[in-house]
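Input: a single structure, listed below in C-alpha cells.
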Amino acid sequence: MSCILLAWTLPPVLGLAFILFIHLLTPGQLARILAAPVEPAFILGTLVFALLYFQRFIRPIRDYLAEPGPATGQQALARMRRFPLDFWVVFLIYLLLAPASVMLSAAWYTDYSPAPVDWFRIHLVALIVSIIVGLPIFFRVLDLFGQSLSGLRLERPHVTLRTKVFLIGALVPLLIDTMLVQYYWTRTGFFTVETFFMWLLLEILAIGGSLIFVRSFGQSLAPLQQVVRSGLNPEVPLRITGGHSTDELGVLADDFRVLLEQRRNLERRLAQEKELAQVTLSSIGDGVITTDMEGRVRFLNPIAEYLTGWKAAHARGHSLTEVFSIVNELTRRPAMNPVERCLREGRIVGLANHTILVRTDGHEFAIEDSAAPIRDNDGSVIGVVLVFHDVTKAREMANRLSWQASHDALTSLYNRMAFEERLRQLVRYPEHPTGDDHHTLLYIDLDQFKVVNDIAGHTAGDEMLKQISGLMLHQVRETDMLARLGGDEFGVILTHCDLDHAMRVADGIHQALEDFKFSWDERLFRVGASIGVLEFRPGETSLTDLMSAADLACYSAKHAGRRRTHVYQVDDVHMQRHRNEMDWAARINDAVEEDRLVLYGQRIQRLDDDRVPPGLAFEVLVRMRGDDDTLIAPGVFLPAAERFDLISIVDRWIITRTFSLVAECVADNGADFISHCAINLSGGTLGDETLLPFIQSQLSLHNLPGHLFCFEITETTAISNFQAALRFIRDLKAMGCRFALDDFGSGLSSFSYLKNLPVDYLKIDGTFVRGIASDPVNRTLVGNINDIGHLLGKQTIAEYAEDADTLRELVELGVDFAQGYGIHRPEPLEGLLGCTSK
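In this text, residue positions in the sequence shown follow the working numbering: the first is 209, and each later residue adds one.
Here you go:
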C-alpha cells in the first residue's frame, strides 16, 4: 500500500511545483488555491478513495499469503491479472480530474482567469507527472506481486514483455518531448499551431518506433516461446519454424532447444533403464521391496507379492511392518525390522536366523534376506531395498539333517555324538551360578540281546530296541538325556541329580525291563540290563575318563551276574584298569613285533556298470591274531591302540605291508591290475609329522604310482584336526594319492568343512546305509548326502551294502560305489591280490 500512497501523494506535489516552474500560476495564487476548501478536499478525497479501493483490491492476495492453497492461489492470480487495468484507469481518471480542480479553484478563489491554452498546458503537466510517477510505481507493484506469488504457476503472462517495451519505448520519448515543449514555452512564451503539430508528430513517431521495436522484440521471443511450448509436450517435435531470430534471444532459443532435446534423450534413456530395471526385478527369483525414509513401501516385485500376499498397488504407502510380517521361528515373537536397522545404521544388514515370513493368508515361509540403503548422487540415504528369498525347503532339509546328525535313526533317541557333546559341556562348565553342580551318568548295556538277534533276526532286534527305548524314556525326566550309544548300549545323563535319585532311576529301568515281554513270531523274549552309575562334578575329570569309568562300572555290573547296577568307586577298579591298560599295550606291541597283524581286503564295486574302471578296487582291513590263534576284530584293539598312542605303529605296519603286497602284485600283473587301494589312517597318525616322509619313501622304495592309493580318514578326525588334515591331504595329493572322508554323515559339522577339504570320495556312514530299503528316513539321508557330494564334485561310496535290496536302492539314488557283505566278504589280502609271498 505504500506504493499506492506514493502514487496519490507525489502527483499533487510534483504537479503544483511544475505549475510554478512554468509560471502558469504565481505563488500567491497557488497559496490561495491551497487555502480554499476545493483543492485540499479533492487531494484528500482521492487519496482516501485510492487507499480504500486498493486495500480491498489486494485482499485475496493477502488471504493467499496468510493461508497458501490452490483456491486462494487462483483468486490471488486473478487479482494480479486485473491490476494493470484497475491501476491505470483509476490513476488516469485521477490525473485528468486534478488539472480541472486546480483551474476551477484558481477561477473561483483568485483573480486568475484561465484561457483555453492554459487548460492545454496544465494537462501537459498532468501527462508529465503521470509518466514520471505512474510508470515506476506500476512496475514496482508488479515486481512486488511477482515476489509475493512466486510459489504459484503462471499459465500466461499478466503483463507481456511487449507491453513493457511499448510503455517504456513510447512514454519515455513522450515525456521528454512534452518537457521540452513546456520548457520552450516557458522561456519564450511562444507556442503556435505549428509547434503543436511538430510536438504531435514527434509523439506519433515515438509511438510508431516503439511499435516497430515491440514487433522486432516479439519476433525474437517467438522462437523461444515455440521451443518452450513444444518442450512441454513430448509428442511435439522440437524444431523452430518461421525463421530464427538473429539476436541473443535467437541464440538463447536455439540453445534452449538443444537443451530440451538432450533432456528428452535423457528422459527416454531413463525410461528405458527404468523399464529394464522393472523387467529385471520382475524376473529375478528373489522378493524385492523398496521403501522410503519413513519405512513406507514404494515397490514390490511379483515374487514379493506372492510371498507377502500383498499387491504392489495396495501395499504402496503402507508401513513395511504391515506388509512384511516376520516372526522368530522359535519364540514366535515379532522379529526385528531389518529396514529400520538399515536406516538407523546406514549399512547393509541381514535378518536374524530362524526368521519366518507370515503371508496374509497365514501361510509361512522360512526366509533369508538383506536390507541395503539406497543413496542419491550426494550419498544421502533416500530409502531402503529389501531382498529376500524362500529357504523353506533348504531349512527343512537342514533341520532334518541336524536332527538326524544328533539322533539315532532306529530309536529316535539322541546318538553317541550328541550324548558326548552334552556330557562334554557338563564336564567342563558348571551350570549352577555357585558352581555347586553334581550330575550322574548311567551306562546301560542290555543283557542277552544278542540272543534275540541270533534267533529272531536283526529286524526283530531293531523292533525290540525301539520298544525298550520307549520304556526307558518313561523313567527319566524331560531335562535328562537318554541316548543310544551303539548296538545295545544306552546312556543317561541325569543333570543336577544325586546318587540316590540315580539309583531310583536305575531301579525303574530294571523293573520296566523285568515286566517287558517281547513277542515275535509267536515267541517271547526277555532281556535285562547291566547299569553302571557314576556321579561327577564339572572340572573333576575328562570326558574320556568319565566314559571309561562308566563303561568299567557297567562291566562290573555285568560281571557280577547281569541285571544289576554298579556304582563306580575309584578304589574298586584302579588296579584292574591299570592292569588292562598295560595288557593291551603289551599285546599290541607284541602283535606288531611278532607279525601277528593280518591284512584283509574287501572289494569296492562301481554301481554304474557302464562306467566300471579297469582294475581291482578294494579297502585294506586289519585283524589281530590272538595268542590262541583266533582273529580279533579291529573294533576291539584299535580303540585301545588309539588310547595308548600305539596307533601310529599299527598304521605304519599296515602301510608298509600293503605297499609291499601291491608292489609284488603290480610286478606280476601290471599297473592296470589295481585301480583303487584304500588304506585307513587314524587321527593319531594324521598328527605325526614324520608320516608324510614315510609314505613318500615307501612309494619311492617300491616304485609305485601315487594314484593307486586312496587314504581314508574319518570325518571326526578331519574336523578335530582340520588344519593338520588339510595340509596332509594337499601334500599327499601332490604325490598323486587320493583321499576319502570315511563315516561321512555321522557328524553335522562335516557339512560346513566339507567344501574346504580336497577329498575325492565320501564314504557314507554304514549306519545310514543299512536298511535303506525299508527305512525312508535313512534312504532320504543317504540321498541327501549323495547329492551334496556330487554337488561338490566328489564321488560317493556306500558302506554296509549287505543285500540286493540295499544295492538296488543305492543304484536308484545314484551312489557311485558300494562296499559290504552284499558284494564281497573280506578275505586275506594276499589271496585277493593273488600274491604268493609270505
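For each residue, glycine too, the CB sits at the ideal point set by N, CA and C.
On a CA-only basis, which of the options is nearest residue i? Give me that one, please.
i	options	result
Val599	Trp611, His562, Leu609, Val635	His562
Phe778	His767, Asp791, Ala765, Ala761	Strictly speaking, residue 778 in this sequence is Val, with Phe absent from that position. Of the candidates His767, Asp791, Ala765, Ala761, the one whose C-alpha sits nearest the C-alpha of Val778 is Ala761.
Pro901	Val221, Ile863, Glu730, His522	Ile863
Leu894	Arg935, Asn992, Ile497, His915	Arg935
Met832	Asp816, Ser856, Glu802	Glu802
Ala793	Phe845, Gly253, Pro746	Phe845
Arg685	Ala613, Ala714, His666, Ser756	Ala714
Trp728	Gly694, His666, Asp1013	His666
Val806	Asp791, Leu214, Asp837	Asp837
Leu1037	Leu312, Ala871, Asp973	Ala871
Lys971	Arg865, Leu999, Glu1007, Gly1001	Glu1007
Ile566	Val531, Leu409, Arg267	A small fix is needed here, since residue 566 is Val in this sequence, not Ile. Residue Val531 is the option with its Cα nearest to Val566.
His682	Thr217, Gln719, Thr703, Met672	Gln719
Val1019	Leu1000, Leu999, Asn994	Asn994
Might you give, ordered along the chain, the residues of its own chain that have their beta carbon closer than 6 Å to the beta carbon of residue i, omitting 5 neighbours on each side?
i	result
Phe917	Cys885, Cys945
Gly525	Arg504
Tyr1029	Glu1010
Asp662	none
Cys705	Thr648
Asp708	none
Val800	Ile857, Trp861
Ser1045	In this prediction, Ser1045 scores a pLDDT of 42, lower than 50, which makes its location untrustworthy; the coordinate-derived value is nonetheless stated afterwards. Excluding positions up to five away in sequence, the list reads Glu872.
Arg787	Caution is warranted here: a pLDDT of 49 is assigned to Arg787, below 50, making its placement in the model unreliable, and the coordinate value is therefore given only provisionally. Closer than 6 Å at Cβ, skipping near neighbours: no residue.
I'd like to know whether the C-beta atoms of residue i and residue j end up nearer to each other than 9 Å.
i	j	result
Asp655	Gly736	yes
Phe1086	Ser677	Lying outside 209 to 1046, the shown extent of the chain, residue 1086 is not represented and no answer is given.
His646	Glu743	yes
Phe265	Asp294	yes
Thr516	Thr568	yes
Val535	Ile511	no
Phe976	Asn986	yes
Ala279	Ala306	no
Val700	Met680	yes
Asp494	Phe596	yes
Asp1013	Leu815	no
Val337	Gly253	no
Trp1057	Val246	Because residue 1057 is not part of the residues shown, which for the chain are 209 to 1046, the question remains open.
Lys674	Thr752	no
Pro746	Val635	yes
Ile717	Leu650	yes
Ile269	Arg287	yes
Contact defined as beta carbons within less than 8 Å: I believe residue i pairs with residue j. What is the distance between those atoms, to the nearest angstrom?
i	j	result
Tyr808	Pro1034	4 Å
Glu537	Ala574	7 Å
Asn607	Ala691	Not confirmed; about 19 Å, so no contact.
Gln931	Asp968	Between Asp968 and Gln931 the Cβ distance is about 20 Å, and since that is not below 8 Å, they are no contact.
Ala543	Leu559	7 Å
Gly891	Asp853	Between Asp853 and Gly891 the Cβ distance is about 11 Å, and since that is not below 8 Å, they are no contact.
Tyr776	Ala765	Contact flag wrong, Cβ pair sits at about 10 Å.
Ile937	Pro966	6 Å
Ala664	Arg734	In fact, because the Cβ distance is near 13 Å, the residues do not count as touching under 8 Å.
Asp738	Arg770	In the sequence as displayed, the identity of residue 738 is Ser instead of Asp. Indeed they touch by this definition, with Cβ atoms about 6 Å apart.
Considering only residues of the same chain and omitting the five flanking positions on each side of residue i, which have a CB-CB separation below 7 Å?
i	result
Phe919	Ile887, Leu889, Leu940, Cys945, Phe947
Ile1031	Arg811, Gln813, Ala1009
Gln237	Ala314, Thr318, Tyr320
Leu1040	Gly809, Phe826
Comparing the CB of residue i with every heavy atom of the ligand SAM, is any distance shorter than 8 Å?
i	result
Ser620	Looking for the ligand SAM in the displayed structure turns up nothing, as the structure carries no ligands at all.
Among residues of its own chain, excluding the 5 on either side of residue i, which ones have a beta-carbon nearer than 8 Å to its beta-carbon?
i	result
Ser958	In this prediction, Ser958 scores a pLDDT of 49, lower than 50, which makes its location untrustworthy; the coordinate-derived value is nonetheless stated afterwards. Hits under 8 Å: Glu923, Ala926, Ile927, Leu949, Phe952.
Phe507	Leu489, Val496, Ile497, Thr498, Ala520, Arg524
Cys873	Phe881, Ile882, Leu1041, Gly1042, Cys1043
Arg1016	Ala981
Val297	none
Phe627	Met689, Ala691, Leu693, Gly699, Ile701
His782	Its pLDDT being 45, under 50, His782 is placed unreliably in this model, and the coordinates cannot settle the point.
Leu956	Only weak support exists for where Leu956 lies, its pLDDT of 49 falling under 50; the value from the coordinates is given anyway. Excluding positions up to five away in sequence, the list reads Leu609, Ser610, Ala613, Ser614.
For chain B, find out if any of its Cβ atoms is closer than 9 Å to the Cβ of residue i; answer yes or no.
i	result
Leu419	The structure shown contains no chain B; it holds only a single protein chain.
- Within the stretch 620–683, ranges of the beta strand (DSSP E) (whole runs, at least 3 residues): 647–655
- Please specify which runs of the alpha helix (DSSP H), each continuous and at least 4 residues long, are wholly inside the stretch 522–552, giving them in chain order. The qualifying runs are 528–531.
- Message: Report the start-end ranges of each beta strand (DSSP E) in the stretch 678–717 that is 3 residues or longer and not cut off at the edges.
- Response: Listed in chain order, the complete beta strand (DSSP E) runs (minimum 3 residues) inside the stretch 678–717 are 689–694, 697–702.
- Length-filtered (3 minimum) beta strand (DSSP E) runs lying within the stretch 724–774: 726–728, 731–733, 736–744
- Could you give the uninterrupted runs of the beta strand (DSSP E) lying entirely in the stretch 868–912, keeping only those of 3 residues or more? Counting only unbroken stretches of 3 or more residues, the beta strand (DSSP E) elements lying wholly within the stretch 868–912 are 882–888, in sequence order.
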